[in-house]
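Participant: This is the structure, below, for whatever I ask next.
Set out below in structure tokens:
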């Protein structure tokens, strides 16, 4: 059973370009979370999605950032017109059930996408 | 809003010695508490969790953590450290029994185990 798959592992973009980060959850998982890790900081929650629904996007910047989790295919985190401050590691996590405190579903994380904006 | 504090940026310990990585939290209601470990250029791996029940929780790789409600702490421990335990450790909390919720992570503590 493959784990959470994120691609690309490393992404370099120039200021003003678009970045697309992909996440395929573990098989059987229908809940996806995106987190951002900045240098010297912990992980910050960005968005929580279920298939075709955004459940909580309270951690997403209001502009330039969007996320989707279509019925078919991976979840996509999209950053438009990237700026240097967007440089970070972006982690996707998945769980099979609602909630992160459920006895049976700690979050399973991917290896992340490291975005560098030049 | 919930929060997690990991007061030490780095913990140094010699191999074979016991280790403790500290974590305190703030959350409304009963907490669900987690420890994750991150190796270089990797994602976070789940170590252990406290949901309810026994305050001493045992997890992967010989790690354990003790939930202390009065001190709002959830320190990670291991009786005998290994060099391979060197990594970045994150404590996380979410309110329990509130349906879905999102994990709030501490800033992480780098554990360095010397041979």
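Protein chains in written order, with the numbering used here: chain R, -9 to 108; chain P, 8 to 122.
For each residue, glycine too, the CB sits at the ideal point set by N, CA and C.
Return the CA-CA distance between residue 33 of chain P and residue 103 of chain P, expressed in angstroms with no decimal places.
Facilitator: Here residue 33 of chain P is taken as the residue at index 26 of the second chain, counted from 1. Here residue 103 of chain P is taken as the residue at index 96 of the second chain, counted from 1. Roughly 12 Å between the two C-alpha positions.
Participant: Quick one: which residues of the region 42 to 70 of chain R get their C-beta closer than 9 Å to a C-beta of chain P? List them in chain order.
Facilitator: 45, 46, 48, 49
Participant: Relative to the C-alpha of residue 17 of chain P, which candidate in P/94, P/101, P/100, P/109 has its C-alpha closest?
Facilitator: In the second chain, counting from the first residue as 1, residue 17 of chain P sits at position 10. For the residues P/94, P/101, P/100, P/109, the minimum Cα distance to residue 17 of chain P belongs to P/94.
Participant: As a quick exercise: from P/27, P/47, P/38, pick the residue whose alpha carbon is nearest that of residue 56 of chain P.
Facilitator: Sequence index remark: in the second chain, residue 56 of chain P carries index 49 (1-based). Closest option to residue 56 of chain P, judged by alpha-carbon separation, among P/27, P/47, P/38: P/38.
Participant: Sorted by chain position, which residues of the same chain lie with C-beta nearer than 7 Å to residue 76 of chain P's C-beta, five sequence neighbours on each side aside?
Facilitator: For this step, residue 76 of chain P is matched to residue 69 along the second chain. Beyond the five residues adjoining it in sequence on each side, residue 76 of chain P comes within less than 7 Å, by CB distance, of no other residue in the same chain.
Participant: Could one say the Cβ of residue 96 of chain R lies closer than 7 Å to chain P's Cβ atoms, at least one of them?
Facilitator: Counting from one through the first chain, the residue named residue 96 of chain R turns up at place 106. Yes, because at least one Cβ of chain P sits closer than 7 Å to the Cβ of residue 96 of chain R.
Participant: Output the distance between the C-alpha atoms of residue 57 of chain R and residue 23 of chain P, rounded to the nearest integer angstrom.
Facilitator: Taking the first chain and counting its residues from 1, one reaches residue 57 of chain R at position 67. Taking the second chain and counting its residues from 1, one reaches residue 23 of chain P at position 16. Their Cα atoms are separated by approximately 45 Å.
Participant: Are the beta-carbon atoms of residue 77 of chain R and residue 106 of chain R separated by less than 7 Å?
Facilitator: For the purposes of this step, residue 77 of chain R is taken as residue 87 along the first chain, with counting starting at 1. For the purposes of this step, residue 106 of chain R is taken as residue 116 along the first chain, with counting starting at 1. Contact: yes.
Participant: Using alpha carbons as the reference points, say which of P/44, P/112, P/49 lies closest to residue 66 of chain P.
Facilitator: For the purposes of this step, residue 66 of chain P is identified with residue 59 of the second chain, where counting begins at 1. If you compare the alpha carbons of P/44, P/112, P/49 with that of residue 66 of chain P, the shortest gap goes to P/44.
Participant: Mind checking whether residue 23 of chain R and residue 83 of chain R have CB atoms under 7 Å apart?
Facilitator: Taking the first chain and counting its residues from 1, the one referred to as residue 23 of chain R is at position 33. Taking the first chain and counting its residues from 1, the one referred to as residue 83 of chain R is at position 93. Going by C-beta atoms, residue 23 of chain R is nearer than 7 Å to residue 83 of chain R.
Participant: Name, going along the chain, the residues of the region 60 to 86 of chain P whose beta-carbon falls closer than 7 Å to a beta-carbon of chain R.
Facilitator: none
Participant: What is the DSSP secondary structure of residue 90 of chain P, counted as helix, strand or coil?
Facilitator: Working through the second chain from its first residue, we reach residue 90 of chain P at position 83. If DSSP states are grouped into helix, strand and coil, residue 90 of chain P belongs with the helices.
Participant: Kindly give me the distance between the Cβ atoms of residue 64 of chain R and residue 13 of chain R, rounded to whole angstroms, as I take these residues to be in contact under 8 Å.
Facilitator: The residue given as residue 64 of chain R occupies position 74 in the first chain. The residue given as residue 13 of chain R occupies position 23 in the first chain. Going by Cβ atoms, the distance from residue 64 of chain R to residue 13 of chain R rounds to 6 Å, so yes, they are a contact pair.
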